[in-house]
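Engineer:
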Amino acid sequence: MGSMTKIPTLSGGEMFGAYRAAPDSEATAAIIVIQEIFGVNPGIRAKCDHWASQGYLALAPDLFWRLKPGVELDPDVESEFQTALDLMGKFDQNQGVRDIEATIHAARDEIGGETRAKVGCVGYCLGGRLAFMTAARTDIDASVGYYGVGIDGLLGEKHAIAHPLMLHIPTADGFVPAEAQAAMHEGLDDHPKVTLHDYEGLDHGFATEFGNRRNDEAARLADSRTEAFFADHLG
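So the sequence shown is numbered by the numbering used here: it starts at 7 and just counts up by one.
Next comes the structure, spelled out in structure tokens:
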């Protein structure tokens with residue numbers, strides 16, 4: 007359904023790749039799918055294809071392009087998991103948010119015409135963290151983060167969240183300890199723009215499209231909540 011395209015950076019001096027999937031009919035809103043540490047792999051592309059089937063323009067920017075363009079890793083292969091961790095350690099997250107912002111601009115340019123098109127984002131793992139940062143640092147219309155890592159350390163930015171944000175939190179996440187989850191609830195439960203959903207006993211990666219980490223029942227529940235959220239805020 008989709009193919010790779012190029013997006014200009016905010017400075018306009020360079021271009022980076024993104025997977026693009028479009029609906030059969032004209033899209034009136036767009037969703038940015040933000041990668042895990044495993045790159046724009048088959049699972050992320052499948053998520054874009056799904057959003058396109060729901061009527062959205064979907065774009066998944068290759069956020070590791072400055073380190074190694076075209077990364078596609080399998081989290082169920084130990085050596086590839088370690089490569090992903092190494093890339094994450096070298097990745098400039100602030101620059102990544104700027105590339106997401108550039109992708110937002112590209113989406114609006116493609117579907118907006120004379121009006122400001124609505125754009126949402128949904129991210130997983132590292133992408134869940136970046137979805138929070140995008141909600142705080144850009145004019146994105148709606149954001150969703152799945153099992154975002156280290157969000158408790160970003161709560162100082164919560165005052166800047168001006169548009170709706172939903173976070174999916176598995177309570178047995180090996181990368182987000184209980185105290186971090188508690189801090190997220192303490193800091194965000196009363197935020198008028200933020201909704202948190204807990205998934206009891208589930209681990210990181212439960213909503214992946216493919217592989218050993220997926221919990222089908224929980225993934226379907228979380229994804230149904232995400233679909234309803236975007237229908238409400240991007241319609």
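Built from N, CA and C at the ideal position, the CB exists for glycine as well. What you are looking at is a predicted structure, and each value in this text was computed from that prediction instead of being measured.
Measure from the alpha carbon of L132 to the alpha carbon of each residue in G156, H111, A113, then state which is nearest.
Structural biologist: G156
Engineer: If you count every other CB in all the chains shown that lies within 10 Å of the CB of S85, and 16 or more means buried, which is it?
Structural biologist: Here S85 is exposed. Its C-beta has fewer than 16 other C-beta atoms within 10 Å.
Engineer: Compare the beta carbon distance of S170 and K199 with 8 Å and say whether it is the shorter of the two.
Structural biologist: The sequence as given places Pro at residue 170; Ser does not occur at that position. In contact: P170 and K199 (Cβ atoms closer than 8 Å).
Engineer: In whole angstroms, what separates the C-alpha of G119 from that of L240?
Structural biologist: 16 Å
Engineer: DSSP three-state call for A54: helix, strand or coil?
Structural biologist: Looking at the sequence provided, one finds Cys at residue 54 rather than Ala. Note: C54 maps to helix in three-state DSSP.
Engineer: Where does A178 fall in DSSP's three states?
Structural biologist: coil
Engineer: Out of V46, K124, R226, state which residue places its alpha-carbon closest to the alpha-carbon of A36.
Structural biologist: K124
Engineer: Determine the DSSP secondary structure at G159, reduced to helix, strand or coil.
Structural biologist: helix
Engineer: Any contact between the region 77 to 93 and the region 212 to 228? By contact I mean 3 or more CB pairs, one from each, below 8 Å.
Structural biologist: yes
Engineer: Tell me the rounded alpha-carbon separation between P48 and E107.
Structural biologist: Taking C-alpha positions only, P48 is separated from E107 by approximately 23 Å.
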